[in-house]
Structures are given as C-alpha cells and as structure tokens.
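J.:
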C-alpha cells in the first residue's frame, strides 16, 4: 500500500483495488495508478519563468490603472510566439449568450482615457464619500506561514485610500479604486497577477487565451452553463462524472439540462466510456435530447470521489472531446492540493518543522520542483481553445473572498464578460485589493507558490491522519477506499450486498439514510453518496459516503472516523 | 424657481415645466410637485425606534453565529402584532424558479447545531490556513465624517481571526467566520443589522417579510427577473419607466423579455398610463406576448431621469399593481439621497462646517426628522407582499463591497435563496465583516443614519453646483430640465425640433451622436439618452442627455457643463 507514487500523478489503492472501488466500468481501461508515467506536460517545456515575469514587469514600469479602467490579459501576457489561434467555439453558444451586447455605459468608459476629459457619464460615487481611510492586514511572511509565526513575524500591510495618487507612495492599487465600481473583468492589478500565474503554470498552447476574474467558481459555473447550454430550447444535456459536485448538479437541473453521468475508475472519468456513450447517442432513446456537447469535469481530487486524472488520462479525455466536438469546463479548485504519497510517508504527521512550513522536509522542495510535480491541466493540453478552466482561491487562500478566475479563448471570455456585466459586475473590489496586496505585493509569485507548497504539506498530513484512522477503525470487510492523491475528500465505498437490510429487501437509499442518521446520532456528520449522483432519476446500485479531511483537527477527525466505523458495524451487525 | 420643496417628497422645475420636460403623456396627471403633501407614510406610525432595537438586543444577549450557521430575519424582527400574512405570489414564479430545491450540502449543515457533532460533511477549509491574522480599518467617528476629521479623530477598528472564540474579546464576528464559506442569506451578523434597519425605515405592513443579503442590486435584479419572468416559455414582458437604467434593460433582453415602457412625468412613472396600457393589452398586437405581470421601477432619483415619485404617486402605482396583479421590483439605490430644495438653499455650497458633517446647519436635523422626511417606500405600502425591494450600499457606503439586500415575503426570499445558493453563494464575507464592523459595531443604527444625513447634505451641495452651472452655461432656448430632488442624475431635455440637422431631415439618433462626439472632443463625457430607452426597437421622438453630479469636483463639474453648453450651442448654431 501507498508505494505507488510518483510526483502526484497517480492514485494508490488500499487492499480493495481502485478498479473495483468504482464499479465494473473501471474495467474498460487499465487504471493501475502505478503505471502512470510521471507528469511532464507540454507546459513545462518552453515554460515561462518567474524571472521572465519580473523582467517583463520591470520593462513595463509601474502599472497605472485608475478607477473602472479597462484591462485584459493581453496587456500582461508574454509573446505567444509560434502558437496557433484558437478555433471558433461560437457554435456551442446558447441563444441567450449570442444575444448579449456590451453594456453601453461600460463601453462609454473607453473615452475616459482622453486626456483632460471630465466625466459626467457614469454614476460612480466620489471616493471622498467612502468611509474607510485605510485597511491594514497582518499576514504571514514566506516561508513562515504558520499562525504562530505570523503572530511573531508577520508583516503589516497597509492599503490607503489614495496610495496611487500620493506621489510619496506611488502605489499601484488603493481604496479609492477598489471601493468604487470596476470593470466586470476585475481590476487590472489582480488580473495581471492571475494572468501571469496562469502563464507560469499552464501556458495554454494557443495564442489568444485570456483570463478574467469571477465571483468564485459557483457563479462562474452557472454563467458558463447559461452561456453554453440551452435546456428548454435546444434540448441540451451536460456530461459529467457519474458522481459529481452536488451544487453543480443543482445548478444544471433548473436550467432544464439533463445531466448524463460518465463511468469512472480510480483515476476518475473514463474516456472510453464517454466515447462509447457519445458514439451511440440516440436522441429517440433520450427523450429527444440532442447529443451532449459540454463536459463538466474536476480532474484533480474530484468532488466527491477524490479521484485524480493522471496525465495520460487527461490526454485521452481531451482527445475524446476533440473527436466529439465537446466544449470542456475544467473545474480545478483542488489543483494545488496534489499530495504525493511518497512525501506523505516521509513527512509523517505532526512534526513541528513541517507544520511551520519552514521548508525543513527531508527533500528540499523548490518552487521549480513543485511546479514540475503538478499534473498538467486540460488547459495546458488545449490546442483548440475548447476548454474553459475555472480557478478558485477558495480552497487555497480563503473562500470568503468570493474571487476566482476563468481562462479560455478570447471569444469565450468576451461572452462571459457580457454576461458578468449584468449578472454580478465581477468580483468585489475589497477582496481584490486585499488579495492583490497579499499575493502580489507582499508575497509575489514565488511567495505564493511557497504558500501552496506549504498548504499541500498540511493537507498531506491531514489526509494521512484520515488514512490511519480509516485503517484502524473501519471494518474492511464492508468498507473500501482509494487513498486520494489530491483534494480534500475521502470516498468510502460500502459493500451494501452484505447488509442485512438489503438482504431483506430494503433499498440502497433507505439503508444509506439509516446509516446517515445513525452517524448523526453518534456525533459525526458525513455526506451521503446519493447526493452526488449525476443521474438522480435512476435507482442507485452502489452505496458511498464522503468524508472530508479539510476541516476537523487530527484528534476530532480520528474520533469521527471511529464513530463512523461504529455506525457501520452496528448497521451491518458486525 | 426652487421654491417648491418640502421634505423631499416632490420635484421642482425650472422655467420649462416638469409637465413638458418628459413629453405629452405627462398631461395624464397633475404632476405639479408643489401640490404634493409632505411625506407621512404609514410606516412612521407605530414605528419601531432605535431604542426598541437596542432593548431587543440587550434581551437577546450576545449573538452567537459561528461559521456557515443558518439565520433568517425572523430571528431579528420585532413582534409583528396585528399584521396580516402576505398573499401567495407563487403564480408569478417561473418554471426555472419552481424547479429549485434546497442545496443538499447546505441543508446538511442544520445538523451542525447538535452538541459535540464533528463534521466531515462539507468541504469547508480550516481557518488555520487563512493567511490573514487581522484586518484593521480606519473609519470616521459620527458625526465627524469628513476625510480630514477621520484623519485626525477616526477610530481604528480591528477584526481578529478568533475574536468570537477568544474569551477576552467575546466578539460577535471574526475572520475565521467571515473568510470561510457561509450561507447564501448572508452572515447572521450583517443580516441582523439590515433586518433591523429595514424595520426601522420601512416596517412592512405584513408579518412574514424577510430580508437576505445580495451580491449587489445588479445581481439581485438578474436573479429576480429569472425568478419571476420566463421570456421564451411564457412570452413574458417587463414593465418599466419609458427611460430606464440601461443595465437593467441589458439584463432583460437576453432573457427573452420584451421591455415595455410606461410614460413618465416630472414625478416619474404615470400610474394612469400603466393602467391604460394593461387594461388594453392585446397579445395579438404584441407578438403573442402575454399581459405584463412584473414592474421594475426606481421610485427615488430614477435613473436616468432623476425623477422621484411622491407619496401619493407611490400609492397610485401600488393600487394599479394590485388591480392588475403585478409583482413590483422596487430598486432604490438612491433612496437616502433625497435632497430637499429648501435645505439646499439654506446650506448653500462649500461651507466648511456643513462639509465636515458636524451638524451645524441652520436647522438642527435629527435622526427622527431625517427619517420622517423620507418618502415612504413601496415596501412600506405593500399590504399584499407583492413588492421585492432592492437596497444597496453602493451609493451610500461603497460600491466595491458588492453587498446589498432584498426584502420581500418569506416565500419569495426562499426562492431567491435557492437561486443564490447555486449562482453566487451570497455576498462575500470580507465585505460583510467590514460593513458589520463599521455600520453595526462602530456606528450603530444612530451613527449610520447620521452618516446618511451627512451624505445627503453633500449631494445636495453637488446638485446645487450643477443647477448653478446649468443656469449659467446652458442655452435655455433649447435645453430644459427638472431639478432632481433625489439621486445623482440631471436629465437634460434638448429641443431637437430647433436643430438645423433635424430640420434638414436628419434623425434624432444621428444628431444625438454628433452632439455626443462633439462633447467628447471638447472634453466632457455625458450619457446619451437613447441608451436608456425602454423600447429600443422603436424610433425615438425626444432627445436627452444625462449628466451626473456624483463624481466630479465642483470646479470640474462647472467646467464640464460649460463645455456641454458650448457643444449644444455649436450644434444648434446658436
């Protein structure tokens, strides 16, 4: 056990094999994670480096981007030499999206760049009436990320109202800008950071890629679905993993979309199964629904199954997407929580040095080695421009900022912005200026990667606590799992066939509910597997529970797993 | 001129009368603003007072509302003695809205109130990994609101990560809560404040009213339209003022809604015109569109016309809504920017004392007199529960928070929340905790009202600067206006019939564009009236420009109006 891994690019299984954990469809492919080659995607060759970025910035000089000024990624990208342009994806767009036009008032703002112009145009309040003179943050200094270290050696970062116009400060971003209205794309300041970060990590293989900020991936997904899908009019479906993020399913349903689940194995979505499904699609057998043209997938630490697609798997998924002309929504909140099993064996749990994030692990991990260890994204494989990637700060900085970003081709981002202008006006400025000050000015790209490295060490320890508890307290005769190599979820398969209730004719949902209630009574809350079933209108034939190792302390997590084990034993009369 | 007004409840006109300013339909009603009685709505009788609120809070003790905890307005409202329940408005809901169910994961959170339960349920990150130890704000101390006073005597307000669980602080809200995920309704802490504020100001006349936070009124409007309207399926229309907020129009269009404009006069929307329109609605003459059942209106300082509905007008609008079973979306970003003309004459412009907001005006305005001077809202007249009111912090605190709130009946708010859970997860926590600390803990209700009083004094001065400039620089033979008594917009009617181009056969849009471009060339940006036309598919027969007095300095505003006057003179060959 746990011997398989390899630079975060595969999955390991406990004594119940990954093939079996997710059911018979797994047999369509060879999913033994130990056979997955180490990650080495196209994006690391000719990769842009942090030094390139710093050089580019030095050449450009101080970024001047006053209130509500227009910006886009092209202002911050490096030269896209030798890359083709994206292919048009306009045939995927819904009639709602195609009928959108730019906001008249936002468009008028382009005249504001004329020297000396006085605006009586937009209804932007005067910064004089913003009742906040300054915001001061106390934040960690890389690589001293722990709460204790921050308390001792953290930095005080001040954001004043007029930092950009005060000649003695010459700031790049300030409260007068951040507290006012802004463009839906996000502020130039934070857009620059995420554009550069995206180029550093993904370096999309076509030239006209862009990013824009979002109000978080929840909102980004709803916007994207409305942009690409038309349930009532076009009879659209949405493809996704057979178990998928419940909120995503709850988003798709009311839009009139039929969600279609694709079989999975220990590495998540099965390309062969998707190919077969699409090749044999017959609208007449599908209530008149046309063949799906949009896939929603979570390649790393998938919610709820915790599975991670290796590089080869991603390439196969992308090839099937090309073959059937799918547009792909790549939702990657857990991308940086890729947790190699090797490292987890070495760091163990609870050593203070590692906890402090001082980089004192046995093998000195560098930013370069960290970046190389990440499995390449679908975005980095996307030669066509058929992927929209959703990134999030929720799992790696704070969820309460409600700020994320999307990356796709210029055309797609333009359509996205047309919708954002009327449905949310983009991310809030207060969070943007705080994130900018922390990530860009205080930490920089290097410091942010160090933070992410620290975070994945922490999550690795948490996962290992859960592995230990599960091995100790769960009855293996009925509970099995694959140790996740990314994310924050543990997916527990229960062999319902051995359950006395099932044997006496009860349904799976009924048994699931009994166990769930028994868990609540014993003082542990877990998520029911049925909440995540893509096709809610079919009968389940498997029984799962999802447990997260993200939140509880090590002690509580262990106790919670003990209680869960007790509930299972009682229910199965073991 | 400017002699008419009276407690913010009417509108005054310059030498071109209000009746004429907005065209012939105005003649349907008597809109002479001087005849409007002073505001005295139902909401000030039996009104809840700030002392009532303080007493209620003292009884309830410290608010305990940890991470992602459920809350609703009923926890914070006073007794609703003698009020009827709202009527069901479910027949207004779209099929999209009716198909929504509560989020499985959010629902599961209700088990978290069980003592001793350990959650492995939701994917909430651990606060230990939030890289912000504290946020410190510098903010004004009432009533010393000016920037200079804040710099000298402002308060430092600190928000720590664990203020609520630190026994030495016993805080109500902290970063560990605010930076994590939360309920879509908003945090209990800020929800309490806006619920109490709503009760103080509007005291809705039915018992089961509720509020919930929003991501700002832009997003709230899109959500509400999708909740109430169905363009493609039900062939719905949206009623609104004949000139309306351009972003609202741009929101409705792609949803397949046909926008239908209602004639206006100097007090905004004309109830008789709306009644006539609805009484004579014939789907066959309207491309098969069914009779409109939703009205979107901005009663105070309407955008773009700057008109304000007096109390009698509001009552009439509400009665027509009842007669035709309309659901009303009341969008009130400018509600507190009601600017009595009397006061503006007294305070004049530029006196330092008034600018400092020290309350040294000639007549001592009290919080009570301020509240009594506000024209009652449609919400406060709404005995049926057919109004959804949208409130915003954008114009009165900061737009960059992207936080507002809506008030409506319990059923409507429930449907709103079902949508919010999947389309944005509610307002961001960083802005919420900052607004809470400022408005609730630092200022309290009393201090916030003082802030609003200060703000309306400031806007009154700004409006008066524009009045003075307009009277000095605009050629009255072709430009006319009504002095606005609320909001931030000046609506300038141009008598196109005198234009040489029009006389030579040019179209109004062509002349509008020429003048707009001439303005840009002369260094002033104004908004074109045609951007705001509700029915974009008809030919315009009037010519307007909108100017805001919200943003530019007095000097720049005056210069900008001078340039605008120059552009007009040149275009008209005066």
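Residue numbers (our numbering), protein chains in the order written: chain A, 481 to 1054; chain B, 481 to 1054.
Where a beta carbon is used, it is the ideal one built from N, C-alpha and C, also for glycine.
Note that the structure is predicted; figures quoted are calculated from it, not measured.
Among B:729, B:1036, B:751, B:542, which one has its Cα closest to the Cα of residue 1010 of chain B?
T.: Ranking the options by Cα distance to residue 1010 of chain B, first place goes to B:729.
J.: With distances taken between CB atoms, is the gap from residue 879 of chain B to residue 661 of chain A smaller than 8 Å?
T.: Yes.
J.: Nearest CA to the CA of residue 847 of chain A: which residue from A:927, A:903, A:923?
T.: The residue with the shortest Cα to Cα distance from residue 847 of chain A is A:927.
J.: When the Cβ atoms of the segment 690-709 of chain A are set against those of the segment 901-909 of chain A, are three or more pairs found closer than 8 Å?
T.: Touching, per the Cβ criterion.
J.: On a Cα-Cα basis, can you pick out the residue from A:866, A:970, A:1042, A:770 that is closest to residue 892 of chain A?
T.: For the residues A:866, A:970, A:1042, A:770, the minimum Cα distance to residue 892 of chain A belongs to A:866.
J.: If the cut is a Cβ gap below 9 Å, which residues of chain B does residue 905 of chain A touch?
T.: Within 9 Å Cβ-Cβ: 695, 696, 698, 699, 727, 879, 882.
J.: Compare the C-alpha of residue 640 of chain A against each of A:914, A:588, A:814 and name the closest.
T.: It is A:914 whose Cα lies nearest to the Cα of residue 640 of chain A.
J.: Among B:583, B:933, B:886, which residue has its Cα nearest to the Cα of residue 811 of chain B?
T.: Comparing Cα-Cα distances from residue 811 of chain B to each of B:583, B:933, B:886, the minimum goes to B:886.
J.: Can you tell me where the alpha helix (DSSP H) holding residue 965 of chain B begins and where it ends?
T.: Residue 965 of chain B -> no alpha helix (DSSP H), and no H or E assigned at all.
J.: Report the neighbours of residue 931 of chain B on chain A: residues whose CB is nearer than 8 Å to its CB, in chain order.
T.: Here the neighbours are 611.
J.: Establish whether the CB of residue 986 of chain B and some CB of chain A are separated by less than 8 Å.
T.: No, residue 986 of chain B lies away from the interface with chain A (no Cβ there is under 8 Å from its Cβ).
J.: Would you call the segment 965-984 of chain A and the segment 1020-1035 of chain A touching, i.e. three or more CB-CB distances under 8 Å?
T.: Result yes; three or more Cβ-Cβ pairs closer than 8 Å.
J.: Is the shortest distance between the beta-carbon of residue 785 of chain A and the beta-carbons of chain B less than 8 Å?
T.: It does not: the Cβ of residue 785 of chain A has no partner Cβ on chain B nearer than 8 Å.
J.: Let me know the secondary structure DSSP gives residue 807 of chain B once reduced to three states.
T.: Three-state DSSP puts residue 807 of chain B in a strand.
J.: Using the beta-carbon of each residue, which ones in chain A are nearer than 7 Å to residue 661 of chain B?
T.: 879, listed in chain order.
J.: Can you tell me which of B:804, B:630, B:688, B:650 puts its alpha carbon nearest to the alpha carbon of residue 560 of chain B?
T.: Measuring from the Cα of residue 560 of chain B, the nearest candidate turns out to be B:688.
J.: Measure the C-alpha to C-alpha separation of residue 459 of chain B and residue 551 of chain A and round it to an integer number of angstroms.
T.: Lying outside 481 to 1054, the shown extent of chain B, residue 459 of chain B is not represented and no answer is given.
J.: Taking C-beta to C-beta, are residue 723 of chain A and residue 744 of chain A nearer than 8 Å?
T.: Cβ atoms of residue 723 of chain A and residue 744 of chain A: closer than 8 Å.
J.: List the residues of chain B that residue 591 of chain A touches, going by C-beta distances under 7 Å, in chain order.
T.: What residue 591 of chain A touches in chain B: 1000, 1005.
J.: For the alpha helix (DSSP H) that contains residue 1044 of chain B, what are its first and last residues?
T.: Per DSSP, residue 1044 of chain B belongs to the alpha helix (DSSP H) from 1034-1052.
J.: Spell out a yes or no on whether the segment 709-724 of chain A and the segment 586-606 of chain A are touching, meaning 3 or more CB-CB pairs, one atom from each, closer than 8 Å.
T.: Short answer: they don't touch.
J.: Got a sec, what are the start and stop residues for the beta strand (DSSP E) residue 717 of chain B sits in?
T.: Its beta strand (DSSP E) spans residues 717-721.
J.: Which whole runs of the beta strand (DSSP E) in the segment 842-918 of chain B are 3 residues long or more, in chain order?
T.: You should have 867-872, 884-889.
J.: Quick one: using the 10 Å Cβ neighbour count with 16 as the cut-off for buried, is residue 570 of chain A buried or exposed?
T.: Exposed is the call here.
J.: Taking 8 Å as the threshold (beta carbon to beta carbon), is residue 908 of chain A in contact with chain B?
T.: Residue 908 of chain A counts as touching chain B.
J.: Do residue 930 of chain B and residue 707 of chain B count as a contact pair if the criterion is CB distance below 8 Å?
T.: Going by C-beta atoms, residue 707 of chain B is not nearer than 8 Å to residue 930 of chain B.
J.: Can you pull the chain B neighbours of residue 733 of chain A, defined as C-beta to C-beta under 7 Å?
T.: Within chain B, the residues near residue 733 of chain A are 579.
J.: If distances are taken between C-alpha atoms only, which option among B:852, B:664, B:986 comes closest to residue 529 of chain B?
T.: Answer by Cα proximity: B:852.
J.: Compute the Euclidean distance between the alpha carbons of residue 1020 of chain A and residue 588 of chain B, then round it to the nearest angstrom.
T.: For residue 1020 of chain A and residue 588 of chain B, the distance between alpha carbons rounds to 20 Å.
J.: Using the Cα positions of residue 562 of chain B and residue 795 of chain B, report the straight-line distance between them to the nearest angstrom.
T.: If you take the alpha carbons of residue 562 of chain B and residue 795 of chain B, they lie about 22 Å apart.
J.: What separation, rounded to the nearest whole angstrom, lies between the Cα atoms of residue 806 of chain A and residue 786 of chain A?
T.: Distance between the alpha carbons of residue 806 of chain A and residue 786 of chain A is about 24 Å.
J.: So the beta strand (DSSP E) residue 742 of chain B belongs to, where does it begin and stop?
T.: First-last of the beta strand (DSSP E) with residue 742 of chain B: 738-742.
J.: Assess contact between the segment 761-775 of chain B and the segment 1037-1052 of chain B, defined as three or more Cβ pairs (one per stretch) separated by less than 8 Å. Is contact present?
T.: No: the two stretches stay apart, fewer than three of their Cβ pairs being nearer than 8 Å.
J.: Using the rule of at least 16 other Cβ atoms within 10 Å of the residue's Cβ for burial, across every protein chain shown, is residue 985 of chain B buried or exposed?
T.: Exposed, because fewer than 16 other Cβ atoms sit within 10 Å of the Cβ of residue 985 of chain B.
J.: DSSP on residue 678 of chain B, reduced to helix/strand/coil?
T.: The answer is helix: DSSP assigns residue 678 of chain B an H, G or I state.
J.: Report the residues of the segment 705-724 of chain B with a CB closer than 8 Å to any CB of chain A, ordered along the chain.
T.: Cβ contacts with chain A come from 712, 713.
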